[in-house]
Structure formats: C-alpha cells, structure tokens
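All letters in the sequence shown, in the order written, are residues 2 to 415 by my numbering. Quick notes on the structure that follows.
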Amino acid sequence: FFCSHLFVNMVEKLEIPEGFVPVTDDGQLIKKILKEGEGDNHPNTGAKVEVHYTGRLVKDGSKFDSSRDRGEKFNFTLGKGQVIKGWDQGVKTMKKGEQAIFQMSSDYGYGENGSGAKIPGGASLEFDIELFDWTSKEDITNGKKGILKEILSEGEGYKKPSDCTKVEIAYKCTCDGNVIEEYTNDAPLKFTVGEDEVNRGLEKAVQSMNVKEKSTFQVKPEWGYGENGCTEKNIPPNATLNYEIELLVMDKEKESWEMETPEKLEFAKTKKEQGNLMFKQGKYSIACKRYESGLNAIKYASEWEGKEEEEANTLIIALNSNIAMIKAKEKNWKDVITHADKVLEKQPDNIKALYRKGCALSESDDWVNAENILQKGLEIEPENKDFKRELAKLKKKIKIQNDKDKKMYQRMFK
Numbered sequence: 002f003f004c005s006h007l008f009v010n011m012v013e014k015l016e017i018p019e020g021f022v023p024v025t026d027d028g029q030l031i032k033k034i035l036k037e038g039e040g041d042n043h044p045n046t047g048a049k050v051e052v053h054y055t056g057r058l059v060k061d062g063s064k065f066d067s068s069r070d071r072g073e074k075f076n077f078t079l080g081k082g083q084v085i086k087g088w089d090q091g092v093k094t095m096k097k098g099e100q101a102i103f104q105m106s107s108d109y110g111y112g113e114n115g116s117g118a119k120i121p122g123g124a125s126l127e128f129d130i131e132l133f134d135w136t137s138k139e140d141i142t143n144g145k146k147g148i149l150k151e152i153l154s155e156g157e158g159y160k161k162p163s164d165c166t167k168v169e170i171a172y173k174c175t176c177d178g179n180v181i182e183e184y185t186n187d188a189p190l191k192f193t194v195g196e197d198e199v200n201r202g203l204e205k206a207v208q209s210m211n212v213k214e215k216s217t218f219q220v221k222p223e224w225g226y227g228e229n230g231c232t233e234k235n236i237p238p239n240a241t242l243n244y245e246i247e248l249l250v251m252d253k254e255k256e257s258w259e260m261e262t263p264e265k266l267e268f269a270k271t272k273k274e275q276g277n278l279m280f281k282q283g284k285y286s287i288a289c290k291r292y293e294s295g296l297n298a299i300k301y302a303s304e305w306e307g308k309e310e311e312e313a314n315t316l317i318i319a320l321n322s323n324i325a326m327i328k329a330k331e332k333n334w335k336d337v338i339t340h341a342d343k344v345l346e347k348q349p350d351n352i353k354a355l356y357r358k359g360c361a362l363s364e365s366d367d368w369v370n371a372e373n374i375l376q377k378g379l380e381i382e383p384e385n386k387d388f389k390r391e392l393a394k395l396k397k398k399i400k401i402q403n404d405k406d407k408k409m410y411q412r413m414f415k
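Structural data, given as structure tokens:
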C-alpha cells in the first residue's frame, strides 16, 4: 500500500497552459505550434522521419537531452515503438517544416520507472520538436529495398497474416502504367498465406498489413516475376510491379501462447497432417514450415494430463524426424544433426534418427563421429543395408583422404 500510495504522489499531473491544445482525448499529450509547417500532409505509421529536438522536465525546465546540442538530426520510423508513445502520437500530427512543443504525462513518456538519472519516475516531459522531412516508403525486405511500402490508411489491431492465415484482398497491380490484374472489394482474391498460391512479393506485402489497412507496394523483379517475367500476365522480364492492396479479411490461426495445453496438442497433430500432405505433393519447404509450426506449439509445453505427455513426446519425435528428413533433402546437414539429436534425446535407439545423423556427420566431414553413429545403428540392426552402405562409403572416403595425406607428406619430406 505504501509503495502504491507513494507512486501516486510522484506522478505529475499535466495542466494545459495557454496556447496548447490536446493531441489525445485524455489531455495527457498536448501541443503548441511555434512555427507552421508546409502543405496539408502528415507522416503516417511506417514513415521514416527526420527531426531535431530538445527535451526538458515540465516540473523545473531542466534539459535532459538535445539533438541540437549534438549537431545531429534524429531519425526514426514512426509508429513502430522505436520512441516513446508521446513521440509516436505527437509527430504524426506535424507537417513538414513545423516546429512545436509537446508536453506529455509519464504515461506517454517513461512511466513510473523514468529513464536514467535525469528523468525521474512519473515525470511529465516537454519536447521542442522540429520536423524536417520524412519518407513514407518502408523497406519490408530488411534493407534490401526489394519491396517498398507506403500506408494509405491505417488498419485495425496489431495482428498480421502469417503462415496458414486465410486472407481476402482487393488490389490493383500495374506495370509501366498498365493494369496487369485487379480484384475488387466485391470480388476479392482469396488465398492462404504460405501455400505458394500467389507470387512471393504479393504474399510478403500482405504479411506486413493489418486487417482493413490499405497500402501501396513497389515490388522489384527479384520479388516479382524475375528475369523471365510472366507471358500469361503480360509482365516483361525484370519488371518492377506496383500494387495497391487493401486487406479485407484475415482469418488467422491462434498463436500457440493463446492456446490451452490440450489445444496445443491438437494443433500439433493438425500441422503434422498438413505437413504430410504437402510432402506427398512435393512441396517440401511448405511441409517443413507446417512441421516446425506444430513442433513450436508443444516443445515447451508442460502440465500434460493423462496420456497427453505420451502423445506429445510421440509428436515431438515424429515432427523432428520429418524436419530432419526434409533438411537432408536440402543438404542442410547442420539442421539435420540438430533435429536428429532432438529425436535421440527421446529415443536413443531411434534407427532413422541415427541413420540421418550418421549421414549428416559424414557429409560434414566429421568422420570419427559419423563412424561411431553408423556403428551404433549396426549394433541395433546388424543386417541393415542402409547402414552397411553408408559405412562402406565412409570408409572409402577416409581411405582416399589418408592416401592423399600420405602422398602430401611424402612430397614434403623428399
């Protein structure tokens, strides 16, 4: 009680001085314009903005930070949580060239904990901010500039489509000013994310959106139809595509952290079945994603009841085994070993896991450990032809390498 009562006294109530107007409905973020900006446009969420600022405590006017003092403008992406809440909400009300003072309560600043020695907990803050410019295009390909996005109107909530999300979108795709294809609100395009039903640039774009959001995307050839183009859609080779997309409907699966323990088990079973279907169709990368999704739902779960723990362990073994099989097809030997080991933790004598690990170690030139694993497999199944064949191949590789080493040493000491 004492600590709670003390914090209430520490929180500074924000008054609204003359010349200030509320930015938020609760009146805890307020603004006073010092210099009017240009035009009518404001930066939207995702815009990269460039500002100067000076920060002071409202209580006594003491300065705690200033980009002006450092002589360097400050850049950040708006609405992405890179700055305090008061900045994200305040800067989006500004125009290019505008300078304004924002005052905010601690709820919009650094809260009850404050920040460092200069900003105490519960402090109201004042920032003198000048907005120089912004670019509204966000690179959603991690700096590769493969897809540039600009939000036209904000969506709802915070969830975005991920694998297995069913979506409906209205969009127009243009290339060199020509309309390539178009779907409307009345006749939308429907697809499931992660099923390779649309080109990867369109899918990547949709995965960056919130439901009801409307945005434009500039998609470079490597994320579109590449050097071959698409004759069927009259898209020339190496074409940059422009999309205007609205995400109308998003039917998203529950996240694993939202599920009860029994739900996680059923989810993992479903993902295993989906993965098996994709594997039979030769869609190995999609199958692997399904197996990984199922595994992630149960591998850290606890508090199983009755036969649930036995079922979960059986699934963990099967999913890791299937992932190892796909990784072997991809020649990703490191991941093969990782997932085979997960199987062997549960079943030390699992013959498939021993075989895959032995092959992966051999391909990784870890011949000593490969031989030990393959020998163990033969101890369990002495007549297993696969183990005999791999062990013979391994011994042949070792002999060839030993012969090379012997010749090299002979030349060295001649």
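A virtual CB, placed ideally from N, CA and C, is assigned to each residue, including glycine.
- prompt: When you compare only the Cα positions, how much space is there between Ile-246 and Lys-173?
  reply: Residue mapping note: residue 246 aligns to position 245 of the sequence shown, counting from 1. Residue mapping note: residue 173 aligns to position 172 of the sequence shown, counting from 1. Using only the alpha carbons, I get a separation of about 7 Å.
task: State the DSSP-derived secondary structure class of Cys-29, mapped to helix, strand or coil.
output: Numbered from its first residue, the sequence shown carries residue 29 at position 28. Per the sequence shown, the amino acid found at residue 29 is Gln instead of Cys. Of the three classes helix, strand and coil, the one that applies to Gln-29 here is coil, per DSSP.
- prompt: Can you tell me the Cα-Cα spacing of Gln-402 and Glu-391, whole angstroms?
  reply: Start at 1 with the first residue of the sequence shown, and residue 402 comes out as number 401. Start at 1 with the first residue of the sequence shown, and residue 391 comes out as number 390. The alpha-carbon atoms of Gln-402 and Glu-391 are separated by roughly 17 Å.
query: CA-CA distance, Lys-330 and Lys-281?
result: Here residue 330 refers to the residue found at position 329 when the sequence shown is read from its first residue. Here residue 281 refers to the residue found at position 280 when the sequence shown is read from its first residue. If you take the alpha carbons of Lys-330 and Lys-281, they lie about 14 Å apart.
query: I think Ile-148 touches Ala-101, with their Cβ atoms under 8 Å apart; what is that distance to the nearest whole Å?
result: Residue mapping note: residue 148 aligns to position 147 of the sequence shown, counting from 1. Residue mapping note: residue 101 aligns to position 100 of the sequence shown, counting from 1. 33 Å between Cβ atoms; not a contact.
query: DSSP three-state call for Pro-44: helix, strand or coil?
result: Here residue 44 is taken as the residue at index 43 of the sequence shown, counted from 1. Coil at Pro-44, not helix or strand.
- prompt: When burial is assigned at 16 or more other CB atoms within 10 Å of the CB, is Tyr-356 buried or exposed?
  reply: What you label residue 356 is simply residue 355 of the sequence shown in a count that begins at 1. With 16 or more Cβ atoms within 10 Å of its Cβ, Tyr-356 is classed as buried.
field: Cβ distance (whole Å) where Lys-64 is taken to contact Thr-55 below 8 Å
entry: What you label residue 64 is simply residue 63 of the sequence shown in a count that begins at 1. What you label residue 55 is simply residue 54 of the sequence shown in a count that begins at 1. Yes, Lys-64 and Thr-55 are in contact; Cβ-Cβ is about 6 Å, under 8 Å.
Residue range of the unbroken alpha helix (DSSP H) whose run includes Tyr-292: As a position in the sequence shown, residue 292 is number 291, starting the count at 1. Run containing Tyr-292: 285-299, per the alpha helix (DSSP H) assignment.
message: Please classify Gly-359 as buried or exposed, where buried requires at least 16 other C-beta atoms within 10 Å of its C-beta.
response: Position 358 of the sequence shown, counting from 1, holds the residue named residue 359. Gly-359 is buried by the Cβ-count criterion.
query: Is the segment 365-373 touching the segment 382-390 in the sense that three or more CB pairs, one from each, lie closer than 8 Å?
result: no
query: Tell me, which residues are paired with Asn-179 by DSSP?
result: Locating residue 179 in the sequence shown gives position 178, counting from the first residue. Partner(s): Cys-176.
Gly-202, enclosing alpha helix (DSSP H) - first and last residue: In the sequence shown, the residue the question calls residue 202 occupies position 201. Where Gly-202 is concerned, the enclosing alpha helix (DSSP H) stretches over 201-208.
task: Could you give the DSSP three-state label for Asn-277: helix, strand or coil?
output: For this step, residue 277 is matched to residue 276 along the sequence shown. Looking at Asn-277 - three-state DSSP - the assignment turns out to be helix.
Distance, Ala-302 Cα to Phe-2 Cα: By one-based count along the sequence shown, residue 2 stands at place 1. By one-based count along the sequence shown, residue 302 stands at place 301. Unreliable placement is indicated for Phe-2, whose pLDDT of 33 sits below 50; the coordinate value is still reported in the next sentence. Going by the C-alpha atoms only, they are around 36 Å apart.
field: Option in Asn-239, Ala-188 and Lys-353 with minimal Cα separation from Val-220
entry: The residue given as residue 220 occupies position 219 in the sequence shown. Val-220 has its Cα closest to that of Asn-239, out of Asn-239, Ala-188 and Lys-353.
- prompt: Residue range of the beta strand (DSSP E) that Leu-242 falls in?
  reply: As a working mapping, residue 242 is identified with position 241 in the sequence shown. Note, Leu-242: beta strand (DSSP E), 242-252.
query: At a cut of 8 Å, does the segment 39-54 reach the segment 111-124 through at least three beta carbon pairs?
result: no
- request: Whole angstroms is fine: what's the gap from Met-326's alpha carbon to Glu-127's?
  value: Your numbering for residue 326 matches position 325 in the sequence shown. Your numbering for residue 127 matches position 126 in the sequence shown. When rounded, the distance between both Cα atoms is 59 Å.
task: Go to Val-52, then tell me how far its beta strand (DSSP E) extends in each direction, as first and last residue.
output: Within the sequence shown, numbered from 1, the residue matching residue 52 stands at position 51. It spans 49-58 - the beta strand (DSSP E) in which Val-52 sits, taken as one unbroken run.
field: Ala-206 versus Trp-224, Gln-275 and Leu-296, residue with shortest Cα-Cα distance
entry: On the sequence shown, residue 206 is found 205 positions in, with the first residue counted as 1. Per the Cα distances, Trp-224.
field: Distance, Asp-406 Cα to Met-413 Cα
entry: Against the sequence shown, residue 413 aligns to sequence position 412. Against the sequence shown, residue 406 aligns to sequence position 405. Using only the alpha carbons, I get a separation of about 11 Å.
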